[in-house]
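Engineer:
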Amino acid sequence: MPRRNPLRKSRATNGTADLRPVTRSMTKVSSGEASLIDGVEDEQELRKVAIRSRKRRHSEEEPVEIELDHNPVCYKSKINKVAIKTTDKVYDRINGTTCHQCRQKTTDTKTVCHNRNCRGVRGQFCGPCLLNRYGEDIREALVQDTWVCPPCRRVCNCSFCLPKRGKPPTGIMIHEARDAGFDSVLEYLEKSNYDY
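Here the sequence shown stands for residues 1 to 196, numbered as in the UniProt record's numbering.
#1: Which of helix, strand or coil does DSSP assign to LYS78?
#2: So which of SER77, THR106, LEU162 and ARG133 has the shortest CA-CA distance to TYR188?
#3: From LYS160 to ARG153, what distance separates their C-alpha atoms?
#4: Just to confirm the assignment, what range does the alpha helix (DSSP H) spanning HIS100 have?
#5: With which residues is ASN115 paired in a DSSP beta bridge?
#6: Flag this pair as touching only if the stretch 163-176 and the stretch 103-110 have three or more C-beta atom pairs under 8 Å; answer yes or no.
#7: How far does the alpha helix (DSSP H) with TYR188 in it extend, from its first residue to its last?
#8: Counting C-beta neighbours from all protein chains within 10 Å, is the total for SER184 16 or more, i.e. buried, or is it exposed?
#9: Check GLU33 in the structure and name its three-state DSSP category.
#10: Compute the Euclidean distance between the alpha carbons of PHE182 and GLU176, then round it to the nearest angstrom.
#11: Please determine, among LEU7, LEU162 and PRO2, the residue with the shortest C-alpha to C-alpha distance to HIS100.
#12: Whole angstroms is fine: what's the gap from CYS118's alpha carbon to ARG93's?
#13: What residue does the alpha helix (DSSP H) around CYS158 start on, and which one ends it?
#14: Going by beta carbon distance, what residues of the same chain come within less than 6 Å of GLU136, once the five residues before and after it are set aside?
#15: Quick one: residues in its chain with C-beta nearer than 7 Å to the C-beta of ASN95, no 5 flanking neighbours on either side, listed in chain order?
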């Protein structure tokens, strides 16, 4: 069978026993070369140096910069396809769109963030998540041309955004919030002095 990429050089088959992975990308460095990286000789220290850390985009102290776009508001046909309850959702992994909070691909209408700097799935929330987690009605969010998503307002309580702010994810908390007399998880977290 011919090679897929004839320009690629073959991997060495001899002497690979002394190679060990040192980064998440599984780059291999021989034992002799390992001590040459920034003068680090200890293997544990080498791993700390080699693993790349991801830069955080925002910190909580930074002011929120919101620059509104001037896209038109939603049409009535899209508002009619909104899911109010979880049972209204139709799951479709091919044609569906993903909710930022629950990460489910469904065919219902999601919110549209009007922050010009918002990208991808970050500004898309389904009706049940927006109501249960943030206390907002999706139909009102779709009609407003100044609506900005929770991640852009830095109040998002999903399992991705909370760890970015140094807090553990909350999990399914709407039942606990309603038992405590609150309408949404956001209101519960803000007003009850929830201890993370």
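Note that beta-carbon positions come from the ideal geometry of N, C-alpha and C, so glycine has one too.
Structural biologist: Concretely, from the data shown:
#1: helix
#2: ARG133
#3: Per the sequence presented here, residue 160 reads as Phe, with Lys not at that position. Roughly 15 Å separates the two Cα atoms.
#4: Careful: HIS100 lies outside any alpha helix (DSSP H) and carries neither H nor E.
#5: Paired residue(s): LEU68.
#6: Proximity of the stretch 163-176 to the stretch 103-110 falls short of the contact definition, fewer than three beta-carbon pairs being nearer than 8 Å.
#7: 185-191
#8: buried
#9: Annotation note: pLDDT 49 at GLU33 (below 50); position unreliable, coordinate value reported separately. Helix, per DSSP.
#10: 9 Å
#11: LEU162
#12: 23 Å
#13: From DSSP, CYS158 is part of no alpha helix (DSSP H); its letter is neither H nor E.
#14: LEU130
#15: THR107, listed in sequence order.
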